[in-house]
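Worksheet: the structure to be examined is printed underneath.
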Amino acid sequence: MGSWLLIAYNFGSCVAQPVAISGVSSSLVELAFARIVAGIGGAGMVSLTSIIITDVIPPEEIALYDGYSSTVNMIGRSLGPPLGGLLSQTIGWRLPAPLAQLPGPKHQGPKKPSLNQVDTAGLLALSLAIAALSFLVEQLAMPNPEDQSSLITFGLLAATVAFSVGFGLIERFWATNPLIPVDLMMGQFGRWCVIELLIYTGRGGLLCLLTPYLIRVENWPDVGASIAFVGNALGISAGGLVAGHMVKRTKKYKNLGVSAICLSIFAYFLIWFQWRDGCSILEASIPTLLGLGTGMTYTATFIGMTATTPKDRLPVCIVTLELFLNVGFIVGPAISTAVVQKVFAKGLANSLPSDGASAKSSKVINGVLNDAMFAQNLNDGAKDIVRARYLDAFQFAPLFAVVCGVATLVVFSLSKVASIKGSLWVVMI
513 MGSWLLIAYN
523 FGSCVAQPVA
533 ISGVSSSLVE
543 LAFARIVAGI
553 GGAGMVSLTS
563 IIITDVIPPE
573 EIALYDGYSS
583 TVNMIGRSLG
593 PPLGGLLSQT
603 IGWRLPAPLA
613 QLPGPKHQGP
623 KKPSLNQVDT
633 AGLLALSLAI
643 AALSFLVEQL
653 AMPNPEDQSS
663 LITFGLLAAT
673 VAFSVGFGLI
683 ERFWATNPLI
693 PVDLMMGQFG
703 RWCVIELLIY
713 TGRGGLLCLL
723 TPYLIRVENW
733 PDVGASIAFV
743 GNALGISAGG
753 LVAGHMVKRT
763 KKYKNLGVSA
773 ICLSIFAYFL
783 IWFQWRDGCS
793 ILEASIPTLL
803 GLGTGMTYTA
813 TFIGMTATTP
823 KDRLPVCIVT
833 LELFLNVGFI
843 VGPAISTAVV
853 QKVFAKGLAN
863 SLPSDGASAK
873 SSKVINGVLN
883 DAMFAQNLND
893 GAKDIVRARY
903 LDAFQFAPLF
913 AVVCGVATLV
923 VFSLSKVASI
933 KGSLWVVMI
C-alpha cells in the first residue's frame, strides 16, 4: 500500500503544481512553461490506468473496462472546456486556479528511483525532434512569404531529421531503459503505433479548428463553442463502451475496427460537405459521430495491440502507444492550423480593400488572425469577407483528416487478426 500512497501523492502533485504555476503566470512564456509541467505530470496517468487494467483484468474483460476508463476520462474532458470558458468569461482565468488546490499530506515514502533509470537522452532527442518539426511547419506556413527564410527552413528541416535519427540510434544502441521497444517496432506493434499516429493526427488537426470555426463563422461565444466538444467526447465514451461490449461478446475486433474507421471517414466527409457554408445546430453535432468512430477505433486498436504483443512487454508498449497518440495530437494541429492560417491570411489580403490604407488592412488581417472574435468589431461588409475566406481555408482540415483516415484504414486492414479464447489470445495472419 505504501507504493500506491506514494503514487497517489505524486499524481496529486502533478496536477496541483502546474495549476498553481498557471495561476500566477504573468506572461505567455510562463504560462507555456506551466503547461509543459502539466503535460509532463499528466502524461503517465492515462498510460498507468491502461497498464493496471491489462494487469489485473482478465483478457476477455479488458475491452469493457478500457471503455469504462475512457468514459470517465471523457466526462472530465467534456466538463473541463465549457467550465473553463465560463469561469474565464465571468471571474477571470487566474481565479479558478486555487479551486484545484487540495492540501496534501507531508510526504514520507520510499526512496525515489534514480534518474539513471530514465532515458533522459532519448526523451530530450524526441522532444527536440517534435519541437523542430512544429517550428518547421509553422515556418513553411507563414502567411507572408517575405517572413520566410530559406536558411531557417533548411536549418529546421536538418534539425528535425538529425534529432529523429538521433532518437532512433539512442533507443536502439545506447539506452538501457528505452522509451520505445525498438525491436518490436518493425513488426505488428509498429503498425498499431502508426494507426494511433494517423488517427489522432487527422482528428487533432480537425478538432483544433472546431472552436475557431464556430466563433468566426457562426459567432458562437467561447462557452458555446467549447460545449461543442462535449458531443465529440461523449461520442468517444459511447464508442468505447459499445466496442468493449462487442469485443467481449464476439471475441473479435478487426471487423469492428474497420467499421469504426469507415464511420470516422464518413464523419469527416460530412463535415467537409455540410460545413462549407456554415453549420446549423444539428450539423454541429456531427463531431459526435466522429467521436463514436474514434472511441470504437481506439478500443479495437488497444485490444489488437494487447493481443499481438508479448505479455511481459505490455507496459512499455502501452506507454509507447500513448506516445504516438500524443505525437499525433501535436503534429496534426500544427499542420492543420498552419495551413489554414496561411490560406486564410492570403484570402484576406486579396479580399479586404487596401486602397491607400495598406497599413490599416495589415492591422486588420493580423487582428483577425490572432483573435477569433476580432471580426465581430468590424463592419458588416468586412465580417462577410472574413467569414467567406475562413470557410474557404477551413476546407483543408476535413480533407486532411480524410487522407489520414484512409491511410489508417489501409494499415489496419493489413494488421494481424487475434481472437479471444477464454483467457488466451490466439493470433492469426
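The opening residue of the sequence shown carries number 513 in our numbering; numbering runs sequentially from there. For each residue, glycine too, the CB sits at the ideal point set by N, CA and C.
Give me the Cβ distance between residue i and residue j, rounded to the nearest whole Å; I'm assuming they're in contact under 8 Å.
i    : j    : result
F675 : L640 : 4 Å
C705 : L860 : With 8 Å as the limit, C705 and L860 do not qualify as a contact, their Cβ atoms being about 39 Å apart.
V918 : I777 : 7 Å
F836 : E650 : F836 to E650, Cβ: 22 Å. No contact.
G807 : E730 : That pair is no contact at about 26 Å.
G747 : L801 : 7 Å
V876 : L864 : 6 Å
S539 : I565 : Not really, about 40 Å apart at Cβ, beyond 8 Å.
Y780 : I815 : About 24 Å; that fails the 8 Å criterion.
I783 : P910 : 5 Å
P799 : L722 : 7 Å
Taking all protein chains shown into account, decide if residue i is buried (16 or more other Cβ within 10 angstroms of its Cβ) or exposed.
i    : result
Q888 : exposed
M817 : buried
T688 : exposed
V541 : exposed
V922 : exposed
H619 : Any reading at H619 needs caution, since the residue's pLDDT is 48, under 50, leaving its predicted position unreliable; the model's value is listed next. H619 is exposed by the Cβ-count criterion.
F785 : exposed
I793 : exposed
A857 : buried
V568 : exposed
V584 : exposed
Considering just the uninterrupted stretch of the alpha helix (DSSP H) at residue i, what are its terminal residues?
i    : result
Q651 : 632-652
D824 : That residue, D824, is in no alpha helix (DSSP H); it is neither H nor E in DSSP.
Q907 : Neither: Q907 is in no alpha helix (DSSP H) and is coded neither H nor E.
K766 : 766-786
F675 : 662-681
R684 : Per DSSP, R684 belongs to no alpha helix (DSSP H) and is neither H nor E.
F886 : Where F886 is concerned, there is no enclosing alpha helix (DSSP H), given that its DSSP letter is neither H nor E.
D789 : Element bounds for D789: n/a, residue is neither H nor E.
L753 : 734-762
E730 : 722-730
DSSP state of residue i, grouped into three classes?
i    : result
G699 : coil
Using CA coordinates, which residue listed in the options is at the minimum distance from residue i?
i    : options                : result
G769 : Q786, L794, L804       : L804
L669 : E708, A644, L710, I897 : A644
T849 : R788, P799, A913, P827 : A913
F924 : I773, D695, P690, F741 : I773
L652 : V851, A905, A812       : V851
V880 : D892, Y902, G893       : Y902
S646 : I877, A894, I842       : I842
P827 : F679, F701, L635       : F701
A755 : G714, G893, Y810       : Y810
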